[in-house]
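Report on one structure; see the data block that follows.
There are 4 protein chains.
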Amino acid sequence: MKIKAGIIGATGYAGAELVRILLTHPQAEIAAVSSVSFEGKKLSEVYPSYASLCDMECKNQNEAVEKSDVVFAALPHGLSQELAAQCDKAGKAFIDLGADFRLESEDEYKEWYGGEFLDKDLHKRAVYGLPELFRETIQGEKIIANPGCYTTGAPLALAPAVKNGLVGTEGIIIDSKSGVTGAGRKPNQGNHYPELNEGFHAYKVANHRHTPEIEQTLSKLSGKNVKITFVPHLLPVNRGIISTCYARLNDGVTKEQIRKVYEDFYRNEFFVRLLPDGANADIHNIKYSNFCDISLHIDERTRTLVAISAIDNMVKGAAGQAIQNMNIIFGLDEKAGLLIVPPAF
Amino acid sequence: MKIKAGIIGATGYAGAELVRILLTHPQAEIAAVSSVSFEGKKLSEVYPSYASLCDMECKNQNEAVEKSDVVFAALPHGLSQELAAQCDKAGKAFIDLGADFRLESEDEYKEWYGGEFLDKDLHKRAVYGLPELFRETIQGEKIIANPGCYTTGAPLALAPAVKNGLVGTEGIIIDSKSGVTGAGRKPNQGNHYPELNEGFHAYKVANHRHTPEIEQTLSKLSGKNVKITFVPHLLPVNRGIISTCYARLNDGVTKEQIRKVYEDFYRNEFFVRLLPDGANADIHNIKYSNFCDISLHIDERTRTLVAISAIDNMVKGAAGQAIQNMNIIFGLDEKAGLLIVPPAF
Amino acid sequence: MKIKAGIIGATGYAGAELVRILLTHPQAEIAAVSSVSFEGKKLSEVYPSYASLCDMECKNQNEAVEKSDVVFAALPHGLSQELAAQCDKAGKAFIDLGADFRLESEDEYKEWYGGEFLDKDLHKRAVYGLPELFRETIQGEKIIANPGCYTTGAPLALAPAVKNGLVGTEGIIIDSKSGVTGAGRKPNQGNHYPELNEGFHAYKVANHRHTPEIEQTLSKLSGKNVKITFVPHLLPVNRGIISTCYARLNDGVTKEQIRKVYEDFYRNEFFVRLLPDGANADIHNIKYSNFCDISLHIDERTRTLVAISAIDNMVKGAAGQAIQNMNIIFGLDEKAGLLIVPPAF
Amino acid sequence: MKIKAGIIGATGYAGAELVRILLTHPQAEIAAVSSVSFEGKKLSEVYPSYASLCDMECKNQNEAVEKSDVVFAALPHGLSQELAAQCDKAGKAFIDLGADFRLESEDEYKEWYGGEFLDKDLHKRAVYGLPELFRETIQGEKIIANPGCYTTGAPLALAPAVKNGLVGTEGIIIDSKSGVTGAGRKPNQGNHYPELNEGFHAYKVANHRHTPEIEQTLSKLSGKNVKITFVPHLLPVNRGIISTCYARLNDGVTKEQIRKVYEDFYRNEFFVRLLPDGANADIHNIKYSNFCDISLHIDERTRTLVAISAIDNMVKGAAGQAIQNMNIIFGLDEKAGLLIVPPAF
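Read top to bottom, the protein sequences are chains B, P, X and R. The first sequence begins at 1 in our numbering and counts up one residue at a time. The second sequence begins at 1001 in our numbering and counts up one residue at a time. The third sequence begins at 2001 in our numbering and counts up one residue at a time. The fourth sequence begins at 3001 in our numbering and counts up one residue at a time.
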């Protein structure tokens, strides 16, 4: 019998991407989709690409929770805490694609998101769902905080070096470039086609909410209190994030050592592809898939590690990773439903 | 046991797309890939998006044929005839994504392609693989001429009206717009990014080789000798073809009649989605999938039917349809391996 | 002394483009800009590309009219009639980039726009500002209806053939493809970057308001009551319109005859570039300029003329042509301020 | 009388851009264009956008030099030294858009370009043409090394802070993103439309030839031997470079101090636009123009200055700056011919 999945916020971009992937998952099925804005409408009316594949009607939230074994929440930040409590009570697994459970420190949550932890116990039980780094803490849990997009790609690029003390944890710089879907489905002037097309710019420089989340992960890996400089940019493409990460090499660390540590670290990780020397991670090669491609570069002149990761912000950076987490907590093959071949063009 | 598929010309765009789809086909597997330009290289060196999914080495053609039950040929026009003969002798099914077997008239082949039918008997046994229109003639055959991209979308848009005599067969105009992958992998000035990006133009106006192939199909459907005006354009997108087809409505034909005929014609065709009134076929909604979306529009002021189809030129217009043909001739479910959900963005 | 130009609706796309061109006009200067949405704001706050070049503040409409010799109105349809009357009273020249004065028939205006002619006398005095076709009626006038974008490119492509009776006036088909700026500055779901990028579709098929305007022009040229089938599409580029126009060649008309008639017709028109045989009109080559490139193609098999025009919808299709009209009515060199070199990329 | 300009290498992208700008320069005119690949062809055959504006025929190099007062060389690296000598002998001003004269150190030239200084005296007399930083050394000179694209935008972003000692000169990181025209007119696999569109990647990481040139400029400004980490990326747009530059703030330096120093530094520089706090430099706003937009951002958490510049790589990063240099050495208004309004879209 297949796992019944409910998607709350199914008509947003992350929700729509959950639908796309779950439709071909061999061991799960979509039990219900829910949407406040489109309740009563067929999903395929909102996304005509799904016509004849998913003509389900958008239900209200309660109905969707009831019908499901696992609930995916793809909601604006702040709306997941109550839903998590509801799912918890009803014995449903809960995977949150929003930010409510990502930060462990309530102070940081207040500072960056302006909200509070409504139920501190629930927050303690929530685990951070970045499987390649924290798989063992995810297994068997039922409340999963699915990482944000920038907060998946950048830490994966730096993790082996940071964890193994090959680089300094001061002065780390993360220069990220994201496709437009990261900003969601709602039109605004900044995403209006003629103003973004043939344009490129940074935004929320040193001020983006994913900053403390990346720091939390790197701090855990290093055992130190890491502070980073994080600058996101908006790419005129639909999907994909490149994170170009800069860290100072510790004395004596060699190029060969860096490569060996990365190879060992990711040897058994299907979704992380460490590229050969000379290659450059490219969003072109991971689009629509759950892969994270990483390329390594050493600037000997300045003793700097440049580690570059490429992910699809809507897959490994959202829906794909959420399903990877579902697979883990339900004891399925972690790759189930995620063997999506990134198109060559 | 899975069907063993060989791909000749695997490093061209159509070949690469066959790889993408076959990698997740439940009843077929890639037995061998072959490439003249990249013999000895791994496919994933040419297309890094396939790394860890298809690291097979490109073999020579003979080796690939030998290992296969079915051979897909994605070769420049003119190179398939000998290969077809070789496969035929060896008892392999042969699906040609090139043009060598598409035209039934050797005269037309000479006129438009400048070549000859090397083995006329082989040509007689070849069938034209547009399943929605000619399924019954495909079943049980072993030499399949897979239609070209324009020659799939435009006929599907017009077929119900033409076959049922609702429109005049004189003065049909097909104005098509294709994504750039249709021109293949080889770089040239016209496909150089800065010259194509933010550009748009027609090419081979009233002069494109797909013209006689479309006419052949429409003539078969109508029983008349149909001549069309065909103008293709180059769209600054990777994939997708819109064909806007114009035909004069016969006297007395109503909008409702048109819709009913189309609905009946395509009722059982999974891969053709007839859009509701008011919708417009959009390449956005069929990308990466084997769907052909069709929207119908009536210009009462000029008594003109405007039927618009959208296909992915590399899937329904090439690799996907080839696999659909494989499914048919091997007696599989026609949808096997082709349940690809077109992404919502 | 320079001509003082006022721009009403300066923060819309057509208004912003008027600003761009007028800023380098040798014999005109921007006296005032006006905007309802941004009154009191600097234009360069709305369009940062103009910073340090045009930091004028948006004033109210009356102030702008008062300061000007010529008033350009780039307003939503329906708002120009009263402004025209106001300018007329105040003795200002008035150039309307909206639709209010384009159609001569009030019945057609009602049918397609749902409004009325408020002052029928004013409408009688308004002239249609397509200089290459109606220059002599423009000279000396003060109320100019500047044509729409589709209604400039398509008639220019067909005019020589239609006027000289080389093609039939029945069954003319105009298949146009427009860049996104044609839909204006206001964001909506259809122009949201991720939904339009890598997409392409028709819209308002056989139902677009520019239809009667094109017919009006072709009818004047031919002396017959011309009806056309007009299908616009939305291109994923910022600027440019290709109109692919199909008309049946009259008996005996030759390719050479067509070319000669076009050459004679446009010999002295600086802004129309008739391309050599074999070339294809491309929006790439006219972007940001006031040129209309035309390529001619004959389908001998079906006796069809395919005339293709490329214009920049915001220049020759809006602001550039408006300034061309200003030059004409003020007796300046028609090219003044419009010697913009279309970039090679 | 107008200055006579000759363009050697006129059919490459930088050459074509020189043509575009010079065509509207009020005090200069194109005397001759030269091209090895297209000798004898009209420039408008290579770039149809220039038809009727520049139908000059491409001549050989000697003829072009002879007819000119100033020679612009837009040649592949290595070919300018002999041409410079030829011009010098003939008493012509010489502005080199290639790299031959940019580096003062022959050792560095050897290391990064593999060549030698053929005539050391000529190299001594060559000046580096970045007017905003080195104007006084340019005036009156006749051999100008026009900076590369990355080497204009990044130093302009950092110059005020580096020159005034507000930031550390160790650990400077420059993360740049360039449009595709930077790679020139010649098609290759990497610039093939379908492989670059919807893609994004770094290239020549910590290995790009512009590295020593940027270091040379920053070293001059600071009086120290500056080493940088420089990582360029390829943006799927035609034009524009964003350079996101990271430098550590020295102790006690405040946000206000940074802004004041930048304002003072660029107060009289027409082509540098210092954006207000909160704005982000965007290539959208400088396209086709000679502007360099700079936005300033302070990361107080990590005491890092993030200075971001946006230039058009083909204008301020090539042809526009070359003409700015011409204006300087001929004693014209520095803005002559460069009052190009960047389009709002």
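A virtual CB, placed ideally from N, CA and C, is assigned to each residue, including glycine. Computed from a predicted model, the values in this text were never measured in an experiment.
*Residue ranges of each beta strand (DSSP E) run of no fewer than 3 residues wholly in the segment 2017-2063 of chain X, ordered along the chain?*
Entirely contained in the segment 2017-2063 of chain X, the beta strand (DSSP E) runs reaching 3 residues are, in chain order, 2028-2034.
*Run of the beta strand (DSSP E) containing Y2246/X, from where it starts to where it stops*: The residue given as residue 2246/X occupies position 246 in the third sequence. Element bounds for Y2246/X: 2241-2248.
*asked:* List, in chain order, every chain P residue whose beta-carbon is nearer than 9 angstroms to that of R273/B.
replied: The residue labelled residue 273/B in the question sits at position 273 within the first sequence. Neighbours of R273/B in chain P, taken as residues whose beta carbon is under 9 angstroms from its own, are P1048, A1051, S1052 in chain order.
*Taking 7 angstroms as the cut-off, is the CB of A2281/X close to at least one heavy atom of the ligand ATP?*
What this structure holds is no ligand at all, so the ligand ATP is not there to describe.
*asked:* So E2198/X contacts chain P; which residues on that side make the cut at Cβ distance below 9 angstroms?
replied: Locating residue 2198/X in the third sequence gives position 198, where the first residue counts as 1. Within chain P, the residues near E2198/X are G1179, V1237, N1238, R1239, G1240, I1283, H1284, K1287, F1345.
_Residues that Q3189/R contacts on chain P, provided the C-beta gap is smaller than 7 angstroms_ = The sequence position of residue 3189/R within the fourth sequence is 189, counting from 1. The contacting residues are P1187.
*asked:* So E3195/R contacts chain B; which residues on that side make the cut at Cβ distance below 7 angstroms?
replied: As a working note, residue 3195/R is residue 195 in the fourth sequence. Correct list: H284, F345.
*Tell me, please, whether the CB atom of H3210/R is closer than 8 angstroms to any CB atom in chain B?*
Along the fourth sequence, read from residue 1 onward, the residue named residue 3210/R stands at position 210. Look at H3210/R: its C-beta is not under 8 angstroms from any C-beta on chain B.
*Taking C-beta to C-beta, are Y3266/R and I3340/R nearer than 8 angstroms?*
Here residue 3266/R refers to the residue found at position 266 when the fourth sequence is read from its first residue. Here residue 3340/R refers to the residue found at position 340 when the fourth sequence is read from its first residue. In this structure, I3340/R does not lie closer than 8 angstroms to Y3266/R by Cβ.
_Beta bridge counterpart(s) of I1172/P as assigned by DSSP_ = Sequence index remark: in the second sequence, residue 1172/P carries index 172 (1-based). According to DSSP, residue pairing for I1172/P in a beta bridge involves I1228/P.
*Would you call P3236/R buried or exposed, if buried means 16 or more other Cβ atoms sit within 10 Å of its Cβ?*
Mapped onto the fourth sequence, residue 3236/R falls at position 236. Label assigned to P3236/R: buried.
*Go to G2211/X, then tell me how far its beta strand (DSSP E) extends in each direction, as first and last residue.*
Here residue 2211/X refers to the residue found at position 211 of the third sequence. The question names Gly, yet the displayed sequence has Thr at residue 2211/X. Boundaries around T2211/X are those of the alpha helix (DSSP H), 2210-2222, since no beta strand (DSSP E) includes it.
*Determine the closest residue to A14/B out of V231/B, L274/B, V180/B, D264/B, with distance taken between C-alpha atoms.*
One-based indexing of the first sequence puts residue 14/B at position 14. Sorting V231/B, L274/B, V180/B, D264/B by C-alpha distance to the C-alpha of A14/B places V180/B at the top.
_Residues of chain P with CB closer than 7 angstroms to the CB of P342/B, please, in chain order._
Stepping through the first sequence from its first residue, residue 342/B is reached at position 342. Within chain P, the C-beta atoms nearer than 7 angstroms to that of P342/B come from S1049, in chain order.
*asked:* Does the CB of A310/B have a neighbour CB from chain P at under 8 angstroms?
replied: Here residue 310/B refers to the residue found at position 310 when the first sequence is read from its first residue. By this cut-off, A310/B is not an interface position.
*Using three-state DSSP, classify V341/B as helix, strand or coil.*
What you label residue 341/B is simply residue 341 of the first sequence in a count that begins at 1. For V341/B, the secondary structure class from DSSP, reduced to helix, strand or coil, is coil.
*What residue from A2161/X, H2123/X, E2132/X has the CA that sits closest to A2145/X's CA?*
Here the question's residue 2145/X lines up with position 145 in the third sequence. The residue with the shortest Cα to Cα distance from A2145/X is H2123/X.
*Thinking C-alpha only, which one of I1298/P, H1284/P, D1299/P is nearest C1292/P?*
As a first step, residue 1292/P is located in the second sequence; it is residue number 292 there, counting from the start. Per the C-alpha coordinates, the member of I1298/P, H1284/P, D1299/P positioned closest to C1292/P is H1284/P.
_On a Cα-Cα basis, can you pick out the residue from P3343/R, F3330/R, K3204/R, F3345/R that is closest to Q3139/R?_
Within the fourth sequence, the letter at position 139 stands for residue 3139/R. Among P3343/R, F3330/R, K3204/R, F3345/R, the Cα nearest to that of Q3139/R is on F3330/R.
*Where are the beta strand (DSSP E) runs, 3 residues long or more, that stay fully inside the segment 1087-1112 of chain P, in chain order?*
Correct list: 1093-1096.
*asked:* For a contact defined as C-beta to C-beta under 9 angstroms, what are the partners of H2192/X on chain B?
replied: Here the question's residue 2192/X lines up with position 192 in the third sequence. What H2192/X touches in chain B: V180, R185, K186, P187, N188, N191, H192, Y193.
_chain P contact residues for K2227/X, given Cβ-Cβ distances below 8 angstroms_ = Counting from one through the third sequence, the residue named residue 2227/X turns up at place 227. Under the 8 angstroms cutoff, chain P gives R1301, T1302.
*Quick one: using the 10 Å Cβ neighbour count with 16 as the cut-off for buried, is N1280/P buried or exposed?*
Sequence index remark: in the second sequence, residue 1280/P carries index 280 (1-based). Residue burial is scored here from C-beta neighbours: N1280/P has at least 16 other C-beta atoms within 10 angstroms and is therefore classed as buried.
_Reduced DSSP category for T1237/P - H, G, I as helix; E, B as strand; rest coil_ = Your numbering for residue 1237/P matches position 237 in the second sequence. According to the sequence displayed, residue 1237/P carries Val and not Thr. Looking at V1237/P - three-state DSSP - the assignment turns out to be coil, as it is neither helix nor strand.
*Answer yes or no: do P232/B and S178/B have a C-beta to C-beta separation smaller than 8 angstroms?*
Your numbering for residue 232/B matches position 232 in the first sequence. Your numbering for residue 178/B matches position 178 in the first sequence. Yes, Cβ-Cβ distance for P232/B and S178/B is below 8 angstroms.
*asked:* In this structure, how does DSSP classify D3264/R when only helix, strand and coil are distinguished?
replied: Mapped onto the fourth sequence, residue 3264/R falls at position 264. DSSP places D3264/R in the helix class (H, G or I) of the three-state scheme.
*Counting along the chain, where does the beta strand (DSSP E) carrying F1134/P start and finish?*
Position 134 of the second sequence, counting from 1, holds the residue named residue 1134/P. Looking at the DSSP string, F1134/P is not in any beta strand (DSSP E); the run it does join, the alpha helix (DSSP H), is 1131-1138.
*Residues that Y3013/R contacts on chain C, provided the C-beta gap is smaller than 9 angstroms*: No chain C is present in this structure, whose protein chains are B, P, X and R.
_Among K1220/P, V1071/P, V1306/P, whose alpha-carbon lies nearest the alpha-carbon of Y1128/P?_
As a position in the second sequence, residue 1128/P is number 128, starting the count at 1. It is K1220/P whose Cα lies nearest to the Cα of Y1128/P.
_Proximity test, Cβ basis, 8 angstroms: T2346/X and chain P_ = Examination of residue 2346/X is not possible in this model, given that chain X is present from 2001 through 2345 alone.
_K2110/X versus T2211/X: straight-line alpha-carbon distance, rounded_ = Reading the third sequence from its first residue, position 110 is the one you call residue 2110/X. Reading the third sequence from its first residue, position 211 is the one you call residue 2211/X. The alpha-carbon atoms of K2110/X and T2211/X are separated by roughly 14 angstroms.
*Straight-line Cα distance separating V3272/R from F2323/X*: Your numbering for residue 2323/X matches position 323 in the third sequence. Your numbering for residue 3272/R matches position 272 in the fourth sequence. For clarity, residue 2323/X is Ile in the given sequence; the question names Phe instead. Per the coordinates, the alpha-carbon of I2323/X lies some 30 angstroms from the alpha-carbon of V3272/R.
*Three-state secondary structure assigned by DSSP to D2299/X*: Within the third sequence, residue 2299/X is the residue found at index 299, counting from 1. DSSP, read as helix, strand or coil, puts D2299/X in strand.
*Nearest CA to the CA of I3143/R: which residue from P3155/R, L3249/R, D3096/R?*
Here the question's residue 3143/R lines up with position 143 in the fourth sequence. Ranking P3155/R, L3249/R, D3096/R by Cα distance to I3143/R puts D3096/R first.
*CA-to-CA distance, P26/B to I1007/P, given in whole angstroms*: In the second sequence, the residue the question calls residue 1007/P occupies position 7. In the first sequence, the residue the question calls residue 26/B occupies position 26. Rounded to the nearest angstrom, the two C-alpha atoms are 27 angstroms apart.
*Confirm, please, whether the CB-CB distance from E213/B to I228/B is below 8 angstroms.*
By 1-based counting over the first sequence, the position of residue 228/B is 228. By 1-based counting over the first sequence, the position of residue 213/B is 213. Contact: no.
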